[in-house]
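Residue numbers (the working numbering), protein chains in the order written: chain A, 1 to 544; chain B, 1001 to 1544.
We treat Cβ as the ideally placed atom computed from N, Cα and C, and that holds for glycine.
First comes the structure, then the notes that go with it.
There are 2 protein chains.
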Amino acid sequence: MSEGRTAEDLAKNQKEVSVAEFFERNRHLLGFDNKKKALLTVVKEAVDNALDACEEARILPEINVETIDMGNDRFRIIITDNGPGIVKAQIPNIFAKLLYGSKFHSMKQSRGQQGIGISAAVLYAQLTTGRPAKITSKPNKAKQAHYYELHIHTTSNTPHIVKEELIDWKKDRGTKIELDIEASYQKGDQSVDAYIKETAIVNPHATIIYTNPKAEQLIFARATDKLPAEPREIKPHPYGVELGILQKMLGYTESRTLQSFLTNEFSRVGPGTAKEICEKAALLPGMKPKEVTQPQIEKLMDGIKNTKIISPPTDCISPIGAALLEKGLKKEVNAEFYASVTRTPSVYRGNPFVIECAIAYGGEQPKDQSIRLLRFANRVPLLYQQSSCSIFKSVVQTNWRPYGLQQSNGSLPAGPVTLAVHLASVWPPFTSEAKEALAHYPEIIKEIKLALQDCGRQLGSYVNKKRRINAESQKRSYIEKYIPHVAEALKELLSLKQTDESKLKILLKELLEKHRGKLEKVEMDNTEYDEEFANIGKGEKEND
Amino acid sequence: MSEGRTAEDLAKNQKEVSVAEFFERNRHLLGFDNKKKALLTVVKEAVDNALDACEEARILPEINVETIDMGNDRFRIIITDNGPGIVKAQIPNIFAKLLYGSKFHSMKQSRGQQGIGISAAVLYAQLTTGRPAKITSKPNKAKQAHYYELHIHTTSNTPHIVKEELIDWKKDRGTKIELDIEASYQKGDQSVDAYIKETAIVNPHATIIYTNPKAEQLIFARATDKLPAEPREIKPHPYGVELGILQKMLGYTESRTLQSFLTNEFSRVGPGTAKEICEKAALLPGMKPKEVTQPQIEKLMDGIKNTKIISPPTDCISPIGAALLEKGLKKEVNAEFYASVTRTPSVYRGNPFVIECAIAYGGEQPKDQSIRLLRFANRVPLLYQQSSCSIFKSVVQTNWRPYGLQQSNGSLPAGPVTLAVHLASVWPPFTSEAKEALAHYPEIIKEIKLALQDCGRQLGSYVNKKRRINAESQKRSYIEKYIPHVAEALKELLSLKQTDESKLKILLKELLEKHRGKLEKVEMDNTEYDEEFANIGKGEKEND
């Protein structure tokens, strides 16, 4: 046994760990737990980035996704978009440096947020096949495209440029990324196929051409030429700011007074509100931000808490809309009843968010299984970690029995139902860097539950009406069964003619109807058919 | 609506995100989801570090944990250890820089691994109360202690020293950390109380003095003076190395030939094995590591895969031991039957690990609820994210019915059982930075299941024997019920005396015994009592 170590011995090994080394070793944190998921994660990060870039440039996205099986668990992934391209100087950092991007500090809805996703895919490719990422990008129609081959220097988390050159590219604008990775392909609920299909549902403005590893091409054609409303960037709302952040903001601000600091750096704080905050904090509005002391910051926090400030603006988020979400579901699921709702915006920790929900009932869906739950955050399908997600939790905690579904404690309800829930937010709180599940913020769970209850009530009134009518029609059929016998008996007793017997039957039926009222019809809601959606998810199959 | 942005517009906002900013915004990734959990996480990170430091210095740990409720959701946490202390120059980095530490690059079992935990606690304190961390450390008995007040400069992830001085400290050696945080206190399964209690169970060599926020002091006295075997640092095993890592190692090595690279940088590779690897890879053992090309690295990977290499050494891990784990459980749970097992070491991705498991059945435990599952990794209790953990998954996927427990599909079994499962490894694969659950590696799940089955079989033979004996004893009691009546009837028929009747009863009983055999005894296994464990978890209650 070796001797115990002293503080000096221990100090020798203490050193910095680069964030790239950290994730290289903890790649499961980024969604690279296994080969099947790795395929999905790489495609997802690239497509999410492509959609974000196109929308920021107000371009209708057309995205080409190729997944090529090269045998021996190796896949080549090529994703090409028609977005604005990336300026030369930024390409190495964007693709080969973790925690680098434009969205972390901006408060508006987007798919990416952390500046990790695509560089993590590059890291995974490098780790499993040793091959560099190949990037082509063309921001200017009149010029040639930049071509890069990149590795990540993990001990320093910096790009290592293997090759760089100018090349001709037939596209006007856009970006292409090519990665060789270790992966495996399987169809099913958590496959790339499912991801692409669900992405098309919630992004009807995008065309996606997907070639799966079996070399089958699926085309998800654009269903609308209207881009989603552009989310506007906002400043933080005072209610969401934490003490430490406020302290930091006071240190960095260029505002000269506390009053102007409050009005300049926050949303929904005008001069009146700023004055009120200062008053309630017992601080002078004219004091210099950098001179606010620690106890004064605590007072300022109290001042904010005790001042009534209107909710943050919500044009920083761009929900799908109940009608569009429901239509998307209609294309995906052939059901007999649909309902949907978009809630009014709400706020968690100062971040605005909107919950949307759509439900499809009946049709060909299996009756005695758990319902199918589709989860979305900022128009991205979430396919893993269902049971850790606050959407799942909200569905499980909602009592579905009054709405006509069976449910055992702590489980999803059972019944012929597909349920889609979408969170649109400036900052969806994911439980991991892999962005697979939403964290359990009470404000979010409350809003999801309200949306579910809204759809649930509509479902319940449909299901209960259907049940009532079925019961009534069963009763009638019992009575109707006797009508011929009664008619025949009467005919014999009264020696009537054959025609009289027929008349009698009709009379008896009329009597029944008069007595029990006309049988209601269950409204079928699947007759509607929208031209716009004719192509979504259909996917013309062609051989590549 | 604004115009679409060009690549140049987008480039303006692209920048680096510091890892401290990243976690400041994503603090839930580090276990700071809510106030209740925050209290646990801060205590856990500090205690884990203290235990690691003491063990590395081969000092029997004595750790003082104070949690002071200051009202208004503010708590002061003070953790003091008798460890080796920290040299002055390292204090700011260890406590106020994320991703800094000694364990990330070292391959041996320890509680900490990432260099995030304690600095994350400091970050959380700063974020919620704005107060600096106060650190006192004394590595040298003869000198004064270093005292620091530290903030983290989040935009650069560097320490900001608020105050530094030399002070007198009555302790010989040790480290003290004091943090003010926003938190809330609740008793129960996921509380600090539960964490401390379970920590004492799996660390019988440590004394922990815990003062809870109600100012009640609980003393978990050391139960053994024997430190756990010291884990030895190992080199990576060739089977666990990934292509990208191999590529990097080839670039960094100081070895001059491929042959010496293989023998120097890996465990279990001697000259013979190295030669065989080179042969199977069709590479010259004398070639320079830096000159190995990309295709040759792929060949080298194949060479490794096709060479039989013995498993990595296992003295890098230090399991608790089945007997000690079972004894720990005995102190915690008053049951009627116990079983335990320590598996032989196994390997996932080149990392050695050992699974241990102990089970307690019956006694005062509730019969019709799910079993109670205690999860541990490297002697640290895991209290959150149960359903995401591979330990949970392994328990759920094991068929417990043959072992006498009820179980519905996809659920924990039900019955009067407490089950403790411990993973000891060089690198436990956690699903998040908060280290709350183990990732689903098939090798790990397989080993856990084998351990469960082993304990399960022992449990099953006990439960089934008990059931058999109960059934037999019930049958006997039916027959015995009639003996007095038969005896009385015979007495009347044959006009016997009272004493004859008594004799008859005895004879009939003997006849029954002869016929059905002697009733077996169910062995009670809770009679054993170990002096060593007399104090664990008892906790003498005193007022502070």
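CB of residue 1231(B) within 7 Å of CB of residue 1316(B), strictly:
By the CB criterion at 7 Å, residue 1231(B) and residue 1316(B) fall inside the cutoff.
In the structure shown, what three-state DSSP assignment does residue 1090(B) receive?
Under the three-state reduction of DSSP, residue 1090(B) is assigned to helix.
Just mark residue 1093(B) as buried or exposed, buried being the case when its beta carbon has 16 or more other beta carbons within 10 Å.
Result: buried.
What is the DSSP secondary structure of residue 74(A), counted as helix, strand or coil?
Strand at residue 74(A).
Which two residues bound the contiguous alpha helix (DSSP H) that contains residue 1244(B)?
DSSP places residue 1244(B) inside the alpha helix (DSSP H), whose first and last residues are 1243 to 1252.
Going along chain B, which residues have a C-beta under 9 Å from residue 207(A)?
Residues of chain B whose Cβ lies closer than 9 Å to the Cβ of residue 207(A) do not exist, since the nearest Cβ in that chain is about 18 Å away.
Of all the CB atoms in chain A, is at least one closer than 7 Å to the CB of residue 1028(B)?
Interface residue (Cβ-Cβ distance to chain A less than 7 Å): residue 1028(B) is classified as such.
For residue 1468(B) versus residue 1421(B), is the C-beta distance shorter than 7 Å?
If you check the CB distance, residue 1468(B) and residue 1421(B) do not come in under 7 Å.
Along the segment 1045 to 1078 of chain B, what residues have a CB closer than 7 Å to any CB found in chain A?
Here the close residues are 1056, 1057, 1058, 1059.
By DSSP, does residue 17(A) sit in helix, in strand, or in coil?
Here residue 17(A) sits in coil by DSSP.
Distance, Cα to Cα, residue 1485(B) vs residue 1513(B)?
Cα to Cα, the separation comes out at about 18 Å.
Excluding the five sequence neighbours on either side, which residues of its own chain have a C-beta within less than 8 Å of the C-beta of residue 1283(B), listed in chain order?
Short of 8 Å from the beta carbon of residue 1283(B), and not among the five residues preceding or following it, lie these beta carbons of its own chain, in chain order: 1258, 1292, 1296, 1299, 1300, 1303.
Identify the contact partners of residue 1419(B) in chain A, using a Cβ-Cβ distance below 9 Å as the criterion.
Neighbours of residue 1419(B) on chain A: none; closest Cβ ~20 Å, over 9 Å.
Can you tell me which of 1208(B), 1049(B), 1089(B) puts its alpha carbon nearest to the alpha carbon of residue 8(A)?
Measuring from the Cα of residue 8(A), the nearest candidate turns out to be 1089(B).
Can you list the residues of chain A that residue 1236(B) reaches, using a CB-CB cut of under 7 Å?
Ordered by position in chain A, no residue passes the 7 Å Cβ test against residue 1236(B), which lies about 11 Å from the chain.
CB contact below 7 Å: residue 372(A) versus chain B
Not a single C-beta of chain B is nearer than 7 Å to the C-beta of residue 372(A).
Can you give me, in chain order, the residues of the segment 121 to 140 of chain A that have a beta carbon less than 7 Å from any beta carbon in chain B?
Listed by position, the residues of the segment 121 to 140 of chain A near chain B (Cβ gap below 7 Å) are 126, 127, 128, 129, 130, 139.
Look at the alpha carbon of residue 1054(B) and the alpha carbon of residue 103(A), and state the distance between them as a whole number of angstroms.
Distance between residue 1054(B) and residue 103(A), taken at the CA atoms: about 43 Å.
What residues of chain B sit near residue 616(A), judged by a beta carbon separation below 8 Å?
For residue 616(A) there is no data in the structure shown, the boundaries of chain A being 1 and 544.
Would you verify that the beta carbon of residue 1084(B) is, or is not, closer than 7 Å to some beta carbon of chain A?
It does: the Cβ of residue 1084(B) has a partner Cβ on chain A nearer than 7 Å.
Tell me, which residues are paired with residue 1166(B) by DSSP?
Residue 1166(B) pairs with 1146(B).
Cβ contact check for the segment 1359 to 1366 of chain B and the segment 1321 to 1341 of chain B: 3 or more pairs under 8 Å:
Counting C-beta pairs closer than 8 Å gives three or more between the segment 1359 to 1366 of chain B and the segment 1321 to 1341 of chain B, which meets the contact rule.
Say whether chain B places a C-beta atom closer than 7 Å to the C-beta of residue 291(A).
So no, residue 291(A) is outside the interface.
Give the interface partners of residue 1099(B) over in chain A, defined as CB-CB distance under 9 Å, in chain order.
Simply 16, 17, 18, 19, 21, 22.
Reduced DSSP secondary structure (H/G/I, E/B, other) of residue 40(A)
Here residue 40(A) sits in helix by DSSP.
Nearest-angstrom Cα distance between residue 245(A) and residue 1026(B)?
Cα-Cα distance, rounded: 13 Å.
When the cut-off is 7 Å and only beta carbons count, does residue 1233(B) lie next to chain A?
False, the Cβ-Cβ gap to chain A never drops below 7 Å.
Residue 1471(B) versus 1105(B), 1516(B), 1436(B), 1509(B), residue with shortest Cα-Cα distance:
Distances from the CA of residue 1471(B) to each of 1105(B), 1516(B), 1436(B), 1509(B) were compared; the closest alpha carbon is that of 1516(B).
Mind listing the chain B neighbours of residue 4(A)? Cutoff is C-beta to C-beta under 8 Å, in chain order.
By Cβ distance, chain B contributes 1056, 1057, 1058, 1059, 1084.
Of all Cβ atoms in chain B, is any one closer than 7 Å to the Cβ of residue 297(A)?
Yes, because at least one Cβ of chain B sits closer than 7 Å to the Cβ of residue 297(A).
Classify residue 1381(B) as helix, strand or coil using the three-state DSSP reduction.
In the structure shown, residue 1381(B) sits in a strand (DSSP, three-state: E or B).
With a 10 Å radius around its C-beta and 16 neighbouring C-beta atoms as the bar for buried, classify residue 76(A) as buried or exposed.
A residue is called buried once 16 or more other Cβ atoms fall within 10 Å of its Cβ, and residue 76(A) is buried on that count.
Collapsed DSSP secondary structure at residue 63(A) in the structure displayed:
The DSSP-derived three-state label of residue 63(A) is strand.
C-alpha gap between residue 1444(B) and residue 1348(B), whole angstroms
Rounded to whole angstroms, residue 1444(B) to residue 1348(B) spans 7 Å at the Cα level.
What does a CB cutoff of less than 7 Å around residue 1268(B) pick up in its chain, not counting 5 residues either side in sequence?
Taken in chain order, the residues that qualify are 1237, 1309, 1310, 1312.
Residue 411(A): buried (16+ other C-beta within 10 angstroms of its C-beta) or exposed?
Exposed, by the Cβ-count rule.
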